[in-house]
Amino acid sequence: MLHIVNKSPGERSTLASCLAHARPGHCVLLIEDAVYAATKGHAAGAQVAKALGGGVKVYVLTPDLEARARAGAVAEGVVQVDYRGFVDLVTQNPRVQSWL
Amino acid sequence: MLHIVNKSPGERSTLASCLAHARPGHCVLLIEDAVYAATKGHAAGAQVAKALGGGVKVYVLTPDLEARARAGAVAEGVVQVDYRGFVDLVTQNPRVQSWL
Amino acid sequence: MKIGVMVNEGPYQHQSSDSAYLFCKAAIESGHQIERVFFYHDGVNNATKLTEPPQDDRNVVARWTKLAEEHGVDLVVCVAAALRRGIVEQNLAQGFRISGLGQLVESAIQSDRLVVFGD
Amino acid sequence: MKIGVMVNEGPYQHQSSDSAYLFCKAAIESGHQIERVFFYHDGVNNATKLTEPPQDDRNVVARWTKLAEEHGVDLVVCVAAALRRGIVEQNLAQGFRISGLGQLVESAIQSDRLVVFGD
Amino acid sequence: MDEAGTVKKFLFVNRKAPYGSVYALEGLEVVLISAAFDQDVGLAFLDDGVYQLAKGQNPKGIETKNFSPTYRALEGYDIEKLYVERESLEARGLTEGDLLVDVQVLGAAEMAALMDEMDVMISF
Amino acid sequence: MDEAGTVKKFLFVNRKAPYGSVYALEGLEVVLISAAFDQDVGLAFLDDGVYQLAKGQNPKGIETKNFSPTYRALEGYDIEKLYVERESLEARGLTEGDLLVDVQVLGAAEMAALMDEMDVMISF
């Protein structure tokens, strides 16, 4: 299953809600303002690390990171993808949920 | 000073940010989805109680409470106002800030 | 007292526009003056005359027009935000006018208070 | 693979519409089929032909029209949401059509995936 | 391709409070339409979405339509799977008794397992 | 009434990240216009608003205009009061060195005191 999150954890609760429902083996893709959650030193780091430790795969959309000047600060264990990679995640996972 | 908050603390961080900047004697008015913060048993109750204890006055807009079926569950120390009361808060305070 | 109002969201999607309208109405009833309502960001979408909400729901646009007509409230739509979103003279509802951002700053200077309604 | 897309926010105010467009483009480049993009909530505002964004910015509406023309993507605007917000035949951009919510459910049934972009 | 016989598992995921935004109301409109397609339809209410089901809503003072009775009408459309997350209720000081319809209360882990069985999830 | 001589203290409060929504960009447009009115103008950046000032923004991949150089141009409009909240930087793993303009870093309490001296606060 692919979970998509698009809001910053500094502004909204969607990331927390998503991670509370992501199961081992699931993929979580951070896009738009959610990419901040995957950056080093961010207060949400512990949440993301816990998800990674629990077997959840975390991806982040590179063009959104670059727009926000955070491409050089991606936290360990998080995988960068471009839009093609976004499409691959959608097709490789049997179901998709956007956390809005 | 009057602070206006309109989003639910279950969804956004605006209430927390507002309360971190409200000083003793300030007024905080909860409208729209923010009214939930002023209801009994809500997880945000401790935040609101702390603000009240610190000398911040907390108001909640009754029509928004009624719409959401929460008029009967207002937490202790929080004062209900109608739209006229909203206007009075705006005119009685020398400055107004909406936390968006 | 003179109160300026700013509306940053469109009709229906968010409650901001409803809250702003009900606030204006109450302020006028309390004897205050709402000189201007400035519509910015998606707030410019309050000014389209093409909306047809369901019969059993409120008509957000028509309410603003009525407020302008009955109480002389100046409804100003930001031209730059409006062009981005497709609000032009062609679909502008009665009572609204399109102008520049300077009208917002002017309103903030001339009013005793400025109240912002947004998302 | 057949992918359906839903867009819930208008142009410029939120990034949703941009993300949806770039996703569609990448999906098509990867050999997948975007049968339909369904515009709901404020997403219907993507369909106005009256926008005139600044010269140095992207033209969100024109991009959707181009996608429809070049790749046969069916751009469907929800009629109920559109009426509430003032999107009607009169200001509908090329490549879009107005129809019912059933088109969204149908798209979800017929596509292998449905991806939702919103606020 | 003949899709006439396709039955998919739909879950409409409601995470937002009513009235503050239109998502709850317009979301419900999609749910009602979906009933015409003979699909396997469920609704999930979590986070602030649980407030959509609060008993006693009265939006007269904000001059807005009360659409909450529609949740009671869902049964008539054969939409009977309403799932509410326990943790979301508890964090808001609500109990099942505060809700205007009968629901199935699930813990977050059960909700996650439910989502993992779906074909289509639409969030509002 | 002659308002020609009125000088008010304006604070534009930026709490949202850039690109995810238009508030940062359109907020900046208001700031630029305000320069023409000879007011006492300041900008506050707190919460995700601090990201607006991040050095090295490159939105080419999302096909959006990079408006961040405009923050550097504010000085030319005599807008020199840029306040950034320390707690907001720290929670995001940022330091002053990550920002594209010179700013005054304030603690939350100092920011609250500053707000308490304003005449007009506009939030984006």
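Chains as they are written, first to last, in my numbering: chain A, 443 to 542; chain B, 443 to 542; chain C, 4 to 122; chain D, 4 to 122; chain E, 410 to 533; chain F, 410 to 533. Glycine included, each C-beta is placed from N, C-alpha and C at the ideal position.
Within chain B, the residues that residue i reaches when beta carbons sit closer than 7 Å
i                 : result
Ser455 of chain A : Gly452 and Glu453
Ile6 of chain C   : Val532
Partner residues on chain D for residue i, Cβ-Cβ distance less than 9 Å
i                 : result
Gln448 of chain E : Val108, Ala111 and Ile112
Ala445 of chain E : Gly105 and Val108
Leu78 of chain C  : Under the 9 Å cutoff, chain D gives no residues; its nearest Cβ is about 16 Å from Leu78 of chain C.
Lys417 of chain E : Ala111 and Ile112
Under 9 Å from the C-beta of residue i: neighbouring residues of chain F
i                 : result
Leu25 of chain D  : Gly470, Ile471 and Glu472
Pro466 of chain A : Chain F residues near Pro466 of chain A: none, gap ~27 Å exceeds 9 Å.
Expected contact under 8 Å - CB spacing of residue i and residue j to nearest Å
i                 : j                 : result
Asn475 of chain E : Gln461 of chain E : Between Gln461 of chain E and Asn475 of chain E the Cβ distance is about 12 Å, and since that is not below 8 Å, they are no contact.
Ile112 of chain D : Lys417 of chain E : 6 Å
Ile101 of chain D : Val80 of chain D  : 5 Å
Thr51 of chain D  : Gly89 of chain C  : 4 Å
Val440 of chain E : Lys490 of chain E : The Cβ separation is near 11 Å, so there is no contact.
Arg116 of chain C : Val532 of chain B : 5 Å
Ala521 of chain E : Arg537 of chain A : Actually they are not in contact, since the Cβ atoms of Ala521 of chain E and Arg537 of chain A sit about 12 Å apart, beyond 8 Å.
Among the options, the one whose alpha carbon lies nearest that of residue i
i                 : options                                   : result
Gly105 of chain D : D:Asn94, D:Arg116 and D:Ala83             : D:Ala83
Leu53 of chain C  : C:Phe120, C:Gln93, C:Gly121 and C:Glu12   : C:Gln93
Glu438 of chain F : C:Gln36, C:Ile6, C:Leu107 and C:Glu55     : C:Leu107
Tyr24 of chain C  : E:Val440, E:Leu420 and E:Ile471           : E:Ile471
Ser22 of chain C  : B:Gln522, B:Leu503 and B:Ala517           : B:Leu503
Arg510 of chain A : F:Gly414, F:Ala482, F:Ala445 and F:Lys469 : F:Lys469
Asp45 of chain D  : C:His17, C:Val40, C:Arg66 and C:Gly98     : C:His17
Ser482 of chain F : F:Glu519, F:Thr504 and F:Ala444           : In the sequence as displayed, the identity of residue 482 of chain F is Ala instead of Ser. The candidate whose alpha carbon is nearest that of Ala482 of chain F is F:Ala444.
Leu420 of chain F : F:Ile488, F:Tyr480, F:Gly502 and F:Ala426 : F:Ile488
Leu507 of chain A : F:Glu519, F:Ala426 and F:Ala500           : F:Ala426
Asp77 of chain C  : C:Phe26, C:Ile37, C:Leu95 and C:Pro56     : C:Ile37
Leu542 of chain A : D:Lys5, D:Gly98 and D:Ser19               : D:Ser19
Glu499 of chain E : E:Gly516, E:Gly414 and E:Thr473           : E:Gly516
Gln513 of chain E : E:Phe533, E:Gly502 and E:Val459           : E:Val459
Gly485 of chain E : E:Arg424, E:Thr473, E:Ile442 and E:Glu435 : E:Ile442
Ser477 of chain E : E:Thr504, E:Gly436 and E:Asp447           : E:Gly436
Asp122 of chain D : D:Cys27, D:Arg66 and D:Tyr43              : D:Tyr43
Leu86 of chain C  : D:Ala96, D:Glu55, D:Gly103 and D:Trp67    : D:Glu55
Lys28 of chain D  : D:Gly75, D:Phe99, D:Leu95 and D:Gln58     : D:Gly75
Gly98 of chain D  : D:Lys5, D:Phe120, D:Asn49 and D:Ile6      : D:Asn49
Tyr15 of chain D  : D:Glu109, D:Val47, D:Gly103 and D:Val91   : D:Val47
Ala458 of chain A : A:Gly495, A:Val516, A:Ala479 and A:Gly519 : A:Ala479
Closer than 7 Å at the beta carbon, the chain C residues around residue i
i                : result
Tyr15 of chain D : Arg87 and Arg88
Contact list for residue i against chain D, beta-carbon separation under 8 Å
i                 : result
Tyr525 of chain A : Leu25, Phe26, Lys28 and Ala29
Gly386 of chain F : Since the displayed chain F opens at 410 and closes at 533, residue 386 of chain F lies outside it and no answer follows.
Where residue i meets chain A, residues with beta-carbon distance less than 9 Å
i                 : result
Phe533 of chain E : Leu542
Within chain F, the residues that residue i reaches when beta carbons sit closer than 8 Å
i                 : result
His484 of chain B : Near His484 of chain B there are no residues of chain F at all, since even the closest Cβ is about 22 Å away, more than 8 Å.
Amino acids of chain A, ordered along the chain, whose beta-carbon sits closer than 8 Å to that of residue i
i                 : result
Arg501 of chain F : Gly452, Tyr478, Thr481, Gly483, His484 and Ala485
Arg495 of chain E : None at all; the shortest Cβ gap to chain A is about 12 Å.
Neighbouring residues, chain E, relative to residue i (Cβ below 9 Å)
i                 : result
Ala493 of chain A : Those within 9 Å of Ala493 of chain A in chain E number zero; the least Cβ separation is about 13 Å.
Chain B contact residues for residue i, given Cβ-Cβ distances below 8 Å
i                 : result
Asp456 of chain E : Gly452 and Glu453
Ala521 of chain E : Near Ala521 of chain E there are no residues of chain B at all, since even the closest Cβ is about 19 Å away, more than 8 Å.
Beta-carbon neighbours of residue i, restricted to chain E and to distances below 7 Å
i                 : result
Asp59 of chain C  : Lys474
Ala84 of chain D  : Glu435
Glu508 of chain B : Asn467 and Gly470
Neighbouring residues, chain C, relative to residue i (Cβ below 8 Å)
i                 : result
Tyr486 of chain F : Here the premise fails: no neighbours, minimum Cβ distance about 13 Å.
Residue i Cβ short of 8 Å to the ligand GTP heavy atom set
i                 : result
Val440 of chain F : What this structure holds is no ligand at all, so the ligand GTP is not there to describe.
Amino acids of chain D, ordered along the chain, whose beta-carbon sits closer than 7 Å to that of residue i
i                 : result
Glu474 of chain A : Gln18 and Ser22
Proximal residues of chain A, C-beta to C-beta of residue i below 7 Å
i                 : result
Gly121 of chain D : Ser540 and Leu542
His74 of chain D  : Within chain A, no residue comes near His74 of chain D; the closest Cβ sits about 14 Å away, beyond 7 Å.
Arg66 of chain D  : Simply none; closest approach about 14 Å.
| task | Give, in chain order, every unbroken run of the alpha helix (DSSP H) that is at least 4 residues long and sits entirely within the segment 456-490 of chain E. | result | 478-482
| task | Scan the segment 454-535 of chain A and note each continuous alpha helix (DSSP H) run of 4 residues or more that stays entirely inside, going in chain order. | result | 456-461, 487-495, 504-509 and 525-534
| Any contact of the segment 471-479 of chain A with the segment 519-532 of chain E, i.e. 3+ C-beta pairs under 8 Å? | no
| Touch check for the segment 450-460 of chain A and the segment 473-491 of chain A: three-plus C-beta pairs under 8 Å? | yes
| query | Pairing CB atoms from the segment 482-499 of chain A with CB atoms from the segment 420-440 of chain F, are three or more of them under 8 Å? | reply | no
| message | Does the contact criterion of 3 or more C-beta pairs under 8 Å hold for the segment 32-43 of chain D versus the segment 68-84 of chain C? | response | no
| field | beta strand (DSSP E) runs wholly inside the segment 12-46 of chain D, at least 3 long, in chain order | value | 36-42
| query | Counting pairs of Cβ atoms below 8 Å between the segment 504-523 of chain E and the segment 488-505 of chain F, do you hit three or more? | reply | no
| Complete beta strand (DSSP E) runs within the segment 78-105 of chain C (minimum length 3 residues, chain order) | 99-102
| Is it true that the segment 57-69 of chain D meets the segment 516-529 of chain B, where meeting means three or more beta-carbon pairs spaced less than 8 Å apart? | no
| Three or more beta-carbon pairs under 8 Å between the segment 488-497 of chain A and the segment 446-459 of chain F, yes or no? | no
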